[in-house]
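What follows is a short report on a single structure.
Numbering (our numbering), first residue to last: 20 to 249.
Have a look at this one:
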């Protein structure tokens with residue numbers, strides 16, 4: 020039988036010699052509402068968006084020697100608290116990942132001299148993301164999931180006019196420009212360069228179903244779609 024594991028910060032728990040006690044539950048997100056009283060005693064509920072989800076996972080580990088227990092736990096903490104890659108993946112569903120916003124490690128319980136037990140709570144975005152690499156953009160992209168916020172990488176020189184779903188975006192591209200619609204930022208050589216974009220980041224979102232593209236000749240566009248579901 021294969022051992023159940025998670026991937027976080029580009030490592031698995033097995034890489035740091037830590038076992039998962041039970042397969043964690045993955046809660047569904049809850050919609051948050053703003054309530055507004057209206058004449059007649061009625062209450063309107065206005066959707067504000069989904070709240071983050073907490074995924075607690077119970078771990079245990081056994082050191083080779085009692086004198087190495089604290090050292091082993093420091094290695095585990097370094098793995099969990101590093102800021103290398105915030106993707107959290109589970110071995111029984113490797114096609115998707117959660118985006119982790121924060122990690123909380125509770126105080127470990129030392130069961131015997133060489134064994135430890137502790138719980139880690141991952142606070143994640145409410146969405147589950149499809150693990151898909153960047154690809155070269157064609158004239159359309161089909162989104163089989165919810166509205167997503169992709170990352171565009173534009174290669175070329177000069178002014179780009181991009182038409183997506185009959186909405187027009189213009190950009191000043193000097194060799195390469197990264198447009199991150201989730202963060203609402205543009206980058207050139209790793210430096211924020213928002214003045215390069217004319218238009219709304221929201222117009223670059225991938226809507227559900229077919230998304231049609233056309234753009235100025237002389238440019239190549241690559242996209243990381245960040246497709247997501249609940």
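For each residue, glycine too, the CB sits at the ideal point set by N, CA and C.
Please go through the same chain and pick out, in chain order, the residues whose beta-carbon is closer than 8 Å to the beta-carbon of residue i, but skip the five residues on each side of it.
| i | result |
| --- | --- |
| residue 51 | 66, 67, 68, 69, 70 |
| residue 54 | 62, 63, 64, 65 |
| residue 153 | 170, 172, 241, 242, 243 |
Going by CA-CA distance only, name the one from the options that's closest to residue i.
| i | options | result |
| --- | --- | --- |
| residue 192 | 175, 184, 205 | 175 |
| residue 136 | 91, 169, 245 | 91 |
| residue 216 | 226, 171, 242 | 171 |
| residue 195 | 187, 209, 188 | 209 |
| residue 151 | 59, 113, 212 | 113 |
| residue 132 | 86, 145, 117 | 86 |
| residue 42 | 77, 31, 73 | 77 |
| residue 73 | 164, 237, 47 | 47 |
| residue 146 | 161, 116, 206, 121 | 116 |
| residue 162 | 212, 245, 110 | 245 |
| residue 236 | 148, 218, 149, 177 | 177 |
| residue 110 | 40, 59, 44, 31 | 31 |
| residue 226 | 198, 168, 45 | 168 |
CB-CB under 6 Å to residue i, same chain, minus the five flanking residues each way: which ones, in chain order?
| i | result |
| --- | --- |
| residue 134 | 81 |
| residue 49 | 70 |
| residue 220 | 200, 203 |
| residue 88 | 82 |
| residue 20 | Note that residue 20 scores a pLDDT of 48, beneath 50, so its modelled location is shaky and nothing firm can be said. |
| residue 119 | 105, 107, 141, 143 |
| residue 75 | 138, 140 |
| residue 103 | 28, 29 |
| residue 38 | 79 |
| residue 26 | 108 |
Can you name the start and end residues of the beta strand (DSSP E) that residue i belongs to?
| i | result |
| --- | --- |
| residue 183 | 170-183 |
| residue 198 | 186-199 |
| residue 249 | No beta strand (DSSP E) contains residue 249, which DSSP labels as neither H nor E. |
| residue 64 | 62-69 |
| residue 214 | From DSSP, residue 214 is part of no beta strand (DSSP E); its letter is neither H nor E. |
| residue 240 | 239-243 |
| residue 207 | 204-207 |
In the DSSP assignment, what residue or residues form a beta bridge with residue i?
| i | result |
| --- | --- |
| residue 28 | None; residue 28 has no bridge partner. |
| residue 140 | 75, 123 |
| residue 56 | 62 |
| residue 162 | 228 |
| residue 107 | 27, 117 |
| residue 233 | 182 |
| residue 39 | 78 |
| residue 218 | Answer is none; residue 218 lacks a bridge partner. |
| residue 129 | 135 |
| residue 45 | In the DSSP output, where bridge partners are listed per residue, residue 45 has none listed. |
| residue 153 | Note: residue 153 sits in no beta bridge, so no partner. |
| residue 146 | DSSP lists no partner for residue 146. |
Return the first residue and the last residue of the alpha helix (DSSP H) that residue i is part of.
| i | result |
| --- | --- |
| residue 93 | 88-100 |
Can you give me the Cβ contacts of residue i inside the same chain, cut-off strictly under 7 Å, excluding the 5 residues immediately before and after it?
| i | result |
| --- | --- |
| residue 35 | 94, 95, 98 |
| residue 33 | 22, 24 |
| residue 122 | 99, 100, 139, 141 |
| residue 222 | 183, 186, 188 |
Checking contacts by CB at 8 Å: is residue i closer than that to chain B?
| i | result |
| --- | --- |
| residue 116 | Absent from the structure: chain B. Only one protein chain is present. |
If we count Cβ pairs, one from each stretch, closer than 8 Å, do we get three or more for the segment 227-234 versus the segment 176-187?
The segment 227-234, when compared against the segment 176-187, does touch it at the 8 Å Cβ threshold.
Three or more C-beta pairs under 8 Å: does that hold for the segment 121-132 against the segment 150-158?
Contact annotation: the segment 121-132 does not touch the segment 150-158, with fewer than three C-beta pairs closer than 8 Å.
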